[in-house]
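Below is one structure, written out as structure tokens; the observations come after it.
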Amino acid sequence: MSLVEVLVSSVLLASSSSAALAVWSQAGVAVQRSSQLEERANQLERQRLATHRWLASLDDGLALLDPAADCAFAAGAVAAAADQALPLPDGAERRWVVAAEGAGLWLELEHGTARRRQLFSAAAYGMCQP
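When you line the sequence shown up against the working numbering, it's residues 80 to 209, in that order.
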């Protein structure tokens with residue numbers, strides 16, 4: 080092998096090695112982002128389930144009802160009680176949005192790009208008076 084061949088082969092080896100390292104680095108970042116998104120989604124799912132358990136276990140759920148409406152949650156009362164009873168993980172957000180035609184409240188949870196949404200109604204938890 081001549082000196083030129085050795086130099087060319089070492090340059091090719093160095094460039095292919097650095098390209099491979101860059102690809103592995105990008106793959107590592109993608110795996111880390113995916114893991115973070117999955118963890119955030121799991122946190123939101125646990126929060127959604129905790130909200131369901133909390134509403135189902137309330138002894139005095141009538142305090143969360145809107146007196147002006149027929150068997151409907153009061154968004155402000157539910158939001159305040161949920162904030163006190165169910166602390167959110169750092170960086171997560173919770174919103175209670177009134178559903179169309181008073182069907183209940185939408186619980187909207189966000190943490191970064193992860194999102195969860197579920198409709199909760201007072202009737203589903205037996206809070207309506209016959």
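We put the CB at the ideal spot given by N, CA and C, even for glycine. As the structure is a prediction and not an experimental result, all values here were calculated from the model.
Residues in its own chain within less than 7 Å of residue i by CB, not counting five upstream and five downstream?
i, result
"Ser200", "Ala182, Gly183"
"Ala158", "Trp175"
"Ala120", "Ala193"
"Cys207", "Cys150, Ala201"
Return the Cβ separation of residue i and residue j in integer angstroms, given the expectation that the two are a contact with Cβ distance under 8 Å.
i, j, result
"Ala151", "Ala142", "Their Cβ separation, rounded to whole angstroms, is 14 Å, which puts Ala151 and Ala142 out of contact at 8 Å."
"Ala164", "Trp185", "Actually they are not in contact, since the Cβ atoms of Ala164 and Trp185 sit about 19 Å apart, beyond 8 Å."
"Thr130", "Ala161", "6 Å"
"Leu167", "Arg127", "That pair is no contact at about 12 Å."
"Tyr204", "Ala147", "Contact flag wrong, Cβ pair sits at about 19 Å."
"Arg195", "Glu124", "6 Å"
"Leu198", "Ala179", "In fact, because the Cβ distance is near 10 Å, the residues do not count as touching under 8 Å."
Does the distance between the C-beta of residue i and the nearest non-hydrogen atom of the ligand ZN fall short of 8 Å?
i, result
"Leu188", "In terms of ligand content, the structure shown is empty, and the ligand ZN therefore cannot be addressed."
Take residue i and list the residues in its own chain whose beta-carbon comes closer than 6 Å to its own, dropping the five residues that flank it on each side.
i, result
"Ala171", "His190"
"Ser113", "none"
If you follow the beta strand (DSSP E) that residue i is in, where does it begin and where does it stop?
i, result
"Gln208", "First-last for Gln208: undefined, no H or E at that position."
"Ala193", "193 to 199"
Ordered list of alpha helix (DSSP H) runs contained in the region 80 to 137, each at least 4 residues: Taking only runs of at least 4 residues, the alpha helix (DSSP H) segments lying wholly in the region 80 to 137 are 82 to 136.
Just list the alpha helix (DSSP H) runs in the region 142 to 179, keeping only unbroken ones of 4 residues or longer that don't cross its boundaries, in chain order. For the region 142 to 179, the full-length alpha helix (DSSP H) segments reaching 4 residues or more read 154 to 164 along the chain.
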